[in-house]
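Position one of the sequence shown corresponds to residue 615 (our numbering), numbered consecutively onward. Where is the CB? At the ideal position from N, CA and C, for every residue including glycine. None of these values were measured; they are calculated from a predicted model. Read through the structure below, which is laid out as structure tokens, and then see the notes.
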Amino acid sequence: MLQRSGCWPAWAGPFMIGTAMSTTWLFNVHLTSAFRNNVILEAASNSSSGDQ
């Protein structure tokens with residue numbers, strides 16, 4: 615059973631926070647890279663199909 619205080623080891627708090635932050639960072643990096651690739655693909659397809 616998890617209690618309010620006393621059951622967590624000293625490293626559990628920073629470890630959980632670090633895991634959450636790194637997961638959020640990886641998720642953000644993945645999202646921004648996918649968004650960037652999508653924009654680049656759209657620009658490439660627009661320029662290739664459009665005005666030449």
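- Task: For A658, name the three-state secondary structure that DSSP assigns.
- Result: Judged by DSSP in its simplified three-state form, A658 adopts helix.
- Task: State the DSSP-derived secondary structure class of P623, mapped to helix, strand or coil.
- Result: Residue state, collapsed to three classes: coil.
- Task: Might you give, ordered along the chain, the residues of its own chain that have their beta carbon closer than 7 Å to the beta carbon of L640, omitting 5 neighbours on each side?
- Result: The beta carbon of L640 lies closer than 7 Å to none in the same chain, with the five residues before and after it left out.
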